[in-house]
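Visitor: Before I ask anything, let me first share the structure, which is written out below as structure tokens.
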Amino acid sequence: MKNFVERNIPMWEKASTPAEAEKIQEELYALMRDRLYGMMPPAPAEVRAKAVGKDTEIADKTFAGKAKHQRYRLSFDADKGEAAFEYDYFAPDDGKKHPFFVNICFHGPAGGHYLPAEEIIDRGFGIATFNYDEVSLDANVWDGIVPFYNMDRTGRDDWGKIGIWAFAASRVLDHILTLPEVDPDRIAVIGHSRLGKTALWAGANDPRFALVISNESGCGGAAINRGKVGEALSGMTDVFPYWFSPAMQDLRGVAPDDLDFDAHMLLALIAPRHLLVGSAEGDEWADPQSELYACRAASPMWEAYGKTGLVCDSETPVAGKAFHEGFIGYHMRPGSHFMSRTDWNIYMDYRDKHNV
Ligand code: GTR
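My numbering numbers the first residue of the sequence shown as 42 and each following residue consecutively.
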């Protein structure tokens, strides 16, 4: 008997080789861009960094002096002048190279909820973190780096906030690649909830991220829309129009079964790199089951590259269990919508296990 994914999720044309997979990924990228997230500007030729403050208070109090900390102001040439924003850099202070997290964050710079920074440093990972509101406010206001670009939201395919924050994650990546503590082959992009959606789009746009981590990104992120409980894309056209391109308004009133795309197509853009999707048992709004379905439905793209996608013998998520054997990892944590220490530790376990 066919399972839910085989019965309900529309698939792309089968790809059997990496070359075929790449061609289909180009088509899927265009679809996700045109339906949801909008255009991205080209990467700037150069990102300039200025050290703007070393907060010894943070390095000493938050990390007991174990971490190097530096706040940087990044600037780069945009269509209409120089755009800029700041981020915080934390690295274990031992003179070695480390895997890093580019953390798209609700707060800055460290020590807040959602970011157990000391534990992350203790496990040997570095953190480059920025406050998304400082790049452009999480509201229908086009401030921050946006006024320096021609995409001013009058164009149907202009970027929305998810694209804008994802673009910033790539600029942070540009800079950390020049720093001595960073292992360039082991950089992950991570975000929670709306910022999990952003991490996925950042990973889809920038192949330099070796690992993409979506924590409870739900609707408009890792959750399959067909059969989904909780939030629906149609409702998002009203509540969060500014997260997406203006063209996303076309989804108003559209039933999930009538969409010509679904979330597995977004996840498939990460292949053949590593992808982690985390859910929480009590997070019906994001819908763990739909996130697991998306991982399963995305797996054939990894197979076309000769890699294993999701390895999971269960139709349903299992609280407290991580399915972490393949290039797609999925776990569901007991508890509510949050990016907790448990989630971070599960992601770091995967990174240790797969050396990514
Ligand atoms: C909710 C939204 C979700 C999720 C969440 C969050 O209001 O409906 O899609 O993104 O916010 O970002 O915390």
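Beta carbons: idealized from backbone N, C-alpha and C, even for Gly.
Source: prediction; values computed, not measured.
1) Strictly by DSSP, which residues pair up with His315?
2) Got a sec? Which residues, its chain only, sit under 6 Å from Asp118 by beta carbon, not counting five neighbours each side?
3) Please work out which residues of its chain come closer than 6 Å, Cβ to Cβ, to Asp393, disregarding the five sequence neighbours upstream and downstream, and give them in chain order.
4) Say the cut is 7 Å; is the CB of Cys260 nearer than that to a heavy atom of the ligand GTR?
5) Just to confirm, does Ser255 get its C-beta within under 7 Å of one of the non-hydrogen atoms of the ligand GTR?
6) Can you tell which of Ser258, Phe302, Phe126 and Trp183 has its C-alpha closest to the C-alpha of Phe398?
7) With distances taken Cα to Cα, identify the nearest neighbour of Tyr155 among Ile145, Met289 and Leu220.
8) Can you tell me whether Glu272 sits near the ligand GTR, meaning its C-beta is under 7 Å from at least one heavy atom of the ligand?
9) Taking only three categories from DSSP, how would you classify Ala209?
10) Could you work out which residue in Leu307, Arg337, His216 and Lys137 is closest to Ala169 when comparing CA atoms only?
11) Drop a sphere of 10 angstroms on the beta-carbon of Glu332, count the other beta-carbons inside from all chains shown, and report buried for 16 or more, exposed for fewer.
12) Mind listing, in chain order, the continuous alpha helix (DSSP H) runs of no fewer than 4 residues lying wholly within the stretch 215-282?
13) Whose C-alpha, out of Val352, Trp284, Val295 and Ser377, is nearest the C-alpha of Pro329?
14) Confirm the yes/no value for this check: CB of Ser320, any heavy atom of the ligand GTR, distance under 7 Å.
15) Using a Cβ-Cβ cutoff of less than 8 Å, which residues in the same chain neighbour Ala312 once the five nearest sequence positions on both sides are dropped?
16) Give me the DSSP bridge partner(s) of Thr170.
17) Given Arg212, which residues of its chain have a CB within under 7 Å of its CB, disregarding the five upstream and five downstream residues?
18) Please confirm whether Ile254 and His305 have their CB atoms less than 8 Å apart.
19) Please determine, among Arg227, Ala132, Pro157 and Val187, the residue with the shortest C-alpha to C-alpha distance to His395.
20) Taking contact to mean 3 or more Cβ pairs, one atom from each stretch, closer than 8 Å, check whether the stretch 155-164 and the stretch 188-196 are in contact.
21) Tell me the rounded alpha-carbon separation between Met192 and Asp129.
22) Ignore the nearest five residues each way along the sequence and tell me which others in Ile387's own chain have a CB closer than 6 Å to its CB.
23) List the endpoints of the continuous alpha helix (DSSP H) containing His305.
24) CB Gly201 to CB Gly79, shorter than 8 Å?
25) Per DSSP, what kind of secondary structure is Leu292 in: helix, strand or coil?
26) Buried or exposed for Gly185, please, with buried defined as at least 16 other CB atoms from any protein chain shown within 10 angstroms of its CB.
27) Give me, in chain order, the residues of the same chain whose beta-carbon lies closer than 6 Å to that of Leu252; leave out the 5 immediate sequence neighbours on both sides.
Guide: This is what the structure holds:
1) One-based indexing of the sequence shown puts residue 315 at position 274. BP columns for His315 point to Leu252.
2) Residue numbering aside, residue 118 sits at position 77 when the sequence shown is read from its first letter. Same-chain partners within the cutoff: Pro85.
3) The count along the sequence shown starts at 1 and reaches residue 393 at position 352. Excluding five sequence positions before and after Asp393, none of the CB atoms of its chain fall closer than 6 Å to its own CB.
4) Counting from 1 along the sequence shown, the entry for residue 260 is found at position 219. The answer is yes for Cys260.
5) In the sequence shown, residue 255 corresponds to position 214, counting from 1. The answer is no for Ser255.
6) With the chain represented from 42 up to 397, any question about residue 398 goes unanswered, as that position is not in the structure.
7) One-based indexing of the sequence shown puts residue 155 at position 114. For the residues Ile145, Met289 and Leu220, the minimum Cα distance to Tyr155 belongs to Ile145.
8) Taking the sequence shown and counting its residues from 1, one reaches residue 272 at position 231. For the ligand GTR, at least one heavy atom lies less than 7 Å from the Cβ of Glu272.
9) To locate residue 209, count along the sequence shown from 1; it is residue 168. In the structure shown, Ala209 sits in a helix (DSSP, three-state: H, G or I).
10) Counting from one through the sequence shown, the residue named residue 169 turns up at place 128. Among Leu307, Arg337, His216 and Lys137, the Cα nearest to that of Ala169 belongs to His216.
11) Here residue 332 refers to the residue found at position 291 when the sequence shown is read from its first residue. Glu332 comes out buried.
12) Within the stretch 215-282, the complete alpha helix (DSSP H) runs of at least 4 residues are 235-246 and 274-280.
13) Taking the first residue of the sequence shown as 1, we reach residue 329 at position 288. The shortest C-alpha separation from Pro329 is found at Ser377.
14) Residue numbering aside, residue 320 sits at position 279 when the sequence shown is read from its first letter. The answer is no for Ser320.
15) Position 271 of the sequence shown, counted from the first residue, corresponds to residue 312. Closer than 8 Å at Cβ, skipping near neighbours: Ala62, Gln66, Ala339, Met342, Trp343, Ala345, Tyr346, Lys348, Gly350 and Phe368.
16) Looking up residue 170 in the sequence shown gives position 129. The partner list for Thr170 (beta bridge, DSSP) reads Asp129 and Asn144.
17) Counting from one through the sequence shown, the residue named residue 212 turns up at place 171. Excluding sequence neighbours, Arg212 sits near Val88, Leu115 and Phe117.
18) Here residue 254 corresponds to residue number 213 of the sequence shown, with the count starting at 1. Here residue 305 corresponds to residue number 264 of the sequence shown, with the count starting at 1. No, the pair does not count as a contact, with Cβ atoms beyond the cut-off.
19) Along the sequence shown, one-based indexing puts residue 395 at 354. Minimum Cα distance to His395 is reached at Arg227.
20) With contact defined as three or more Cβ pairs closer than 8 Å, the stretch 155-164 and the stretch 188-196 are not in contact.
21) By 1-based counting over the sequence shown, the position of residue 192 is 151. By 1-based counting over the sequence shown, the position of residue 129 is 88. Taking the straight line joining both Cα atoms gives about 27 Å.
22) Position 346 of the sequence shown, counted from the start, is the residue given in the question as residue 387. Hits under 6 Å: Ala363 and His372.
23) Your numbering for residue 305 matches position 264 in the sequence shown. Looking at the DSSP string, the run of the alpha helix (DSSP H) that includes His305 is Ala304 to Ala309.
24) Taking the first residue of the sequence shown as 1, we reach residue 201 at position 160. Taking the first residue of the sequence shown as 1, we reach residue 79 at position 38. Cβ atoms of Gly201 and Gly79: closer than 8 Å.
25) For the purposes of this step, residue 292 is taken as the residue at position 251 of the sequence shown. Reduced to three states, the DSSP call for Leu292 is helix.
26) For this step, residue 185 is matched to residue 144 along the sequence shown. Classification of Gly185: buried, given that the 10 Å Cβ count is 16 or more.
27) For the purposes of this step, residue 252 is taken as the residue at position 211 of the sequence shown. Excluding sequence positions up to five before and after Leu252, its CB lies within less than 6 Å of the CB of Ala229, His315 and Val397, all in the same chain and listed in chain order.
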